[in-house]
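Counting from 1 along the sequence shown, just add 457 to a position and that's the residue number in my numbering. Think of the CB as a built atom: it goes at the ideal place given N, C-alpha and C, for glycine as much as any other residue. Just so we're clear, the structure is a prediction, and the values are computed from it rather than from any experiment.
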Amino acid sequence: MKIGIVLEGGGMRGIYSTGVLDSFLQAQFMADEVIGVSAGASIGISYVSMQNERGLRTTVNYAGKEDYLSLHNFVKTKSLFGMDYIFGEIPEKLDSFDYDTFRRNPCTFFAGATDVRTGKTCYFGKEEIVPPCTVLRASCSLPVFSPIVHYQNGEYLDGGLHAPIPIDKALADGCDKIIIVLTRERGYRKKPQVGRPVYAHKYRHYPALVHVMDTRHKVYNTTLDMIQRMEHDGEAIIAAPDEPLPLDRFGTNHDQLLTAYRIGLEKGKEALYRAQEKWGITLPRWPKDFPPANSSAQI
């Protein structure tokens with residue numbers, strides 16, 4: 458049995474996914490593969506590095522700062538999110554990311570980013586998660602709100618555009634049991650992308666990208682139908698909130714972030730209970746010779 462975890466994006470709603478993954482770390486449950494797009498990619502790395510509550514700290518302690526998310530950033534860098542701060546200052550100086558454990562952990566990891574020239578998703582593995590984390594910057598770069606990221610010979614934006622819930626990658630990699638972490642509530646259906654005149658003009662030289670944005674809601678809703686069938690058949694467990702989370706993709710309110718995180722903790726526990734009941738997994742499910750996750754949050 459190969460267990461995968463699939464993480465959708467959602468901007469600041471990703472704090473919910475952080476709660477889900479922290480509940481896994483606290484139970485000493487480690488999957489065989491993690492695949493994330495957009496915020497899901499930036500959150501998933503702290504799970505694979507086994508840094509319990511790091512994602513909580515790096516969100517709650519810094520999200521309210523101008524360097525993290527602000528119009529000032531947009532004027533200065535053309536990105537609402539301060540990419541240098543989030544993927545440089547924080548992991549390198551303020552709350553160190555454990556690259557060594559991340560690489561040694563036998564759990565594989567992939568971050569997805571959308572190739573703006575082809576409209577397809579490209580997945581990048583651990584070997585490409587290195588400072589200054591260009592791959593993660595690309596995966597988290599929202600269209601219109603962020604500039605296109607250049608990496609090697611490619612141009613990339615938000616990994617959630619073409620593969621909003623990257624289940625196909627998990628299946629292609631042989632994951633036969635998959636935990637899917639959604640930041641939207643059960644019953645949610647995506648509507649067509651707003652602001653088409655803006656993005657169609659901005660990306661007029663990237664017709665494949667415009668097509669992806671035009672059809673994203675159809676892909677998302679079709680994928681929802683697919684994973685619901687998988688859940689019914691016992692192949693997947695969906696960890697999604699029951700109701701809309703109390704913040705949107707740009708929300709930075711301290712109390713709302715903590716509330717969403719705590720909801721994620723409870724949903725993570727529920728997901729593990731179902732995994733034990735339906736798939737017969739036993740806990741701890743932990744790589745040999747790795748220490749247990751320790752809580753060191755200061756919020």
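Cβ shell of K659 (< 7 angstroms), same chain only, five flanking positions each side left out: Closer than 7 angstroms at Cβ, skipping near neighbours: V601.
Whose C-alpha, out of Q685, P621, R646, R514, is nearest the C-alpha of M669? Correcting the residue type first, residue 669 is Val in the shown sequence and not Met. Nearest to V669 by alpha-carbon distance, out of Q685, P621, R646, R514, is P621.
Start and end residues, alpha helix (DSSP H) containing E688: Per DSSP, E688 belongs to the alpha helix (DSSP H) from 664-689.
For G611, write down the residues that DSSP places opposite it in a beta bridge. Per the DSSP secondary-structure output, G611 pairs in a beta bridge with Y608.
Would you call E523 buried or exposed, if buried means 16 or more other Cβ atoms sit within 10 Å of its Cβ? Burial call: exposed.
What's the C-alpha gap between V758 and L704? The first residue shown for the chain is 458 and the last is 756, placing residue 758 beyond what the model contains.
Could you tell me the alpha carbon to alpha carbon distance between F566 and E490, rounded to whole angstroms? For F566 and E490, the gap between their C-alpha atoms comes out near 6 angstroms.
With the cut-off set at 8 angstroms, would you say C564 and V505 are in Cβ contact? Yes, they are a contact pair.
Provide the residue span of the beta strand (DSSP E) that contains L593, from first to last. Element bounds for L593: not the beta strand (DSSP E) but the alpha helix (DSSP H), 591-596.
Out of C632, I637, T672, D746, state which residue places its alpha-carbon closest to the alpha-carbon of L618. Per the Cα distances, T672.
Is F707 near L528, with beta carbons less than 8 angstroms apart? Not a contact, by the Cβ cut-off of 8 angstroms.
Please state whether DSSP places V463 in a helix, a strand or coil. In the structure shown, V463 sits in a strand (DSSP, three-state: E or B).
Coil, strand or helix - V587 by DSSP: If DSSP states are grouped into helix, strand and coil, V587 belongs with coil.
Smallest Cα separation from Q685: which of Y645, L478, A498? The shortest C-alpha separation from Q685 is found at Y645.
To test your reading of the DSSP string, which unbroken beta strand (DSSP E) runs of 3 or more residues are found completely within the region 515-583? The qualifying runs are 565-572, 578-581.
Three-way DSSP call (helix, strand, coil) for S753 in this model: Its pLDDT being 47, under 50, S753 is placed unreliably by the model, and nothing is read from it.
How would you label D615, buried or exposed, when you count the other beta carbons within 10 angstroms and need 16 or more for buried? The residue is buried, with at least 16 neighbouring Cβ atoms inside 10 Å.
Going by C-alpha distance, which of Q609, P623, T571, F554 is nearest L599? Of Q609, P623, T571, F554, the smallest CA-CA separation from L599 is found for T571.
Taking the continuous alpha helix (DSSP H) assigned at K626, which residues delimit it? Counting along the chain, K626 sits inside the alpha helix (DSSP H) bounded by residues 624-629.
Over what stretch of residues does the alpha helix (DSSP H) that includes K724 continue unbroken? Per DSSP, K724 belongs to the alpha helix (DSSP H) from 711-736.
Which of helix, strand or coil does DSSP assign to I472? If DSSP states are grouped into helix, strand and coil, I472 belongs with the helices.
Can you tell me whether S553 is buried or exposed, with buried defined as 16 or more other CB within 10 angstroms of its CB? By the 10 Å Cβ count, S553 comes out exposed.
F486 and L681 closer than 8 angstroms at C-beta: No, the pair does not count as a contact, with Cβ atoms beyond the cut-off.
Any Cβ of chain B within less than 8 angstroms of the Cβ of V532? In summary, chain B is missing from the structure at hand, where a single protein chain is found.
Checking the sheet assignment: what are the DSSP bridge partners for G493? Paired residue(s): L464, A568.
Expressed to the nearest angstrom, what Euclidean distance is found between the alpha-carbon atoms of V463 and S503? Distance between the alpha carbons of V463 and S503: 14 angstroms.
Where does V587 land, buried or exposed, given buried means 16+ other C-beta within 10 angstroms? Per the 10 Å Cβ criterion, exposed.
CA nearest to the CA of Q609, picked from F581, D633, D625, C632: Residue F581 is the option with its Cα nearest to Q609.
Same chain, Cβ closer than 7 angstroms to E549, neighbours up to 5 away in sequence not counted: Closer than 7 angstroms at Cβ, skipping near neighbours: P588.
Smallest Cα separation from S495: which of G467, M507, C590, G576? Of the listed residues, the one whose Cα sits closest to S495 is G467.
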